[in-house]
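Peer 1: In my numbering, the protein residues as written are 139 to 460.
Note that the Cβ used here is the ideal one computed from N, Cα and C, for glycine as well.
Owing to the predicted nature of the structure, the values given are computational and were not obtained by experimental measurement.
1. Taking residue 443 as the reference, which of 370, 261 and 213 has the closest Cα?
2. List the residues that DSSP assigns as beta-bridge partners of residue 311.
3. Bridge partners of residue 363, per DSSP?
4. Counting pairs of beta carbons, one from the region 380–394 and one from the region 444–459, are three or more of them closer than 8 Å?
5. Report yes if the C-beta of residue 243 is less than 7 Å from at least one heavy atom of the ligand PLP; otherwise report no.
6. In chain order, what residues of the same chain lie with their CB nearer than 7 Å to the CB of residue 457, ignoring the 5 residues before and after it?
7. From the DSSP output, in three-state form, read off residue 260 for me.
8. Please state the DSSP three-state secondary structure of residue 378.
9. Relative to the C-alpha of residue 364, which residue among 263, 216 and 196 is closest?
10. Can you tell me the Cα-Cα spacing of residue 259 and residue 195, whole angstroms?
11. Using a Cβ-Cβ cut-off of 7 Å (strictly less than) and excluding sequence neighbours within five positions of residue 283, which residues of its own chain qualify?
12. Output needed for residue 166: all residues of its chain with C-beta closer than 7 Å, excluding positions within five of it in sequence on either side, in chain order.
13. Please classify residue 255: is it buried, with 16 or more other beta-carbons within 10 angstroms of its beta-carbon, or exposed?
14. Cutting at 6 Å between CB atoms, please list the residues of its own chain near residue 404, excluding the five before and the five after it.
Encoded structure:
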């Protein structure tokens, strides 16, 4: 009978994330510049935005040069946030008596997906709720939606608010908004006086439509929360005319080989630590901790993000028309 090497099997199953090309979720990468930071590196954001007008004067008749004092913009240090999974374990006896050796591999994939979705939800919530800690004292634009508005007009209104500050647009939208974009012509065929292919028109205007879907759990009860409200939209001008790069900056802290060795973990290309706990795993049973004949898996990462250019972002809640 062939002897099974359980630690080796788990080590083979618990490795790199499935997609090595995406260090962050696609939706986040579409609107954010992505960086990594070495251990100990610190980052700052501007606490306010520059509001001084561009000023050029005609030469004074007497050649006098007007002088004016300018002050540096205040800054605020960014604080990294650590994200971790639960310590998930499987009993060795269960593995030995089962053909399902992929149980921890599936949980590894779940940890990777969960961290992707958590990163995205943190950013979407910061934009939609206009969270001050992520903004330089200026909020994103907000498109007011009336019950008499049309979806086409709402999206055009969002575009017109940000197009003075950038182009190359991405429309992040909830599932209901995306469905109504897809069925726009059929839904309005009885009232159209002229043809408007909404999906076609958005492509023509350089607006990439990205549907945000899925859920992630934040609590021990594992109750899933939607990443984005189904009837909300965020329009982002990726190519800004007033600031360098995309309007969001995302940084993930690198986990150095020395630290990874001390943690006893493997670090993937997305700088996430995946720790495979060998037997025994300490497990709490009704307040008492016991060493348990089991293998465990645990995930960790450290991130920070900030919205540097809210003038390139517009949000809308289309609930009243959808």
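Peer 2: In terms of the structure at hand:
1. Along the chain shown, read from residue 1 onward, the residue named residue 443 stands at position 305. Among 370, 261 and 213, the Cα nearest to that of residue 443 is on 261.
2. Counted from its first residue, the chain shown places residue 311 at position 173. Its beta-bridge partners are 349 and 371.
3. As a working mapping, residue 363 is identified with position 225 in the chain shown. According to DSSP, residue 363 bridges with 354.
4. yes
5. With respect to the ligand PLP, the structure shown offers nothing to examine, as it has no ligands at all.
6. Translated into the one-based positions of the chain shown, residue 457 becomes position 319. Here the set comprises 369.
7. Taking the chain shown and counting its residues from 1, the one referred to as residue 260 is at position 122. DSSP places residue 260 in helix when its eight states are reduced to three.
8. Translated into the one-based positions of the chain shown, residue 378 becomes position 240. The answer is strand: DSSP assigns residue 378 an E or B state.
9. Here residue 364 corresponds to residue number 226 of the chain shown, with the count starting at 1. Of the candidates 263, 216 and 196, the one whose C-alpha sits nearest the C-alpha of residue 364 is 263.
10. Counting from one through the chain shown, the residue named residue 259 turns up at place 121. Counting from one through the chain shown, the residue named residue 195 turns up at place 57. One C-alpha to the other measures close to 47 Å.
11. The residue labelled residue 283 in the question sits at position 145 within the chain shown. Result list for residue 283: 292, 454, 455, 456, 458 and 459, in chain order.
12. Taking the chain shown and counting its residues from 1, the one referred to as residue 166 is at position 28. Excluding sequence neighbours, residue 166 sits near 257, 258, 261 and 388.
13. Your numbering for residue 255 matches position 117 in the chain shown. Label assigned to residue 255: buried.
14. The count along the chain shown starts at 1 and reaches residue 404 at position 266. Once the five neighbours on either side are set aside, the close Cβ partners of residue 404 are 412.
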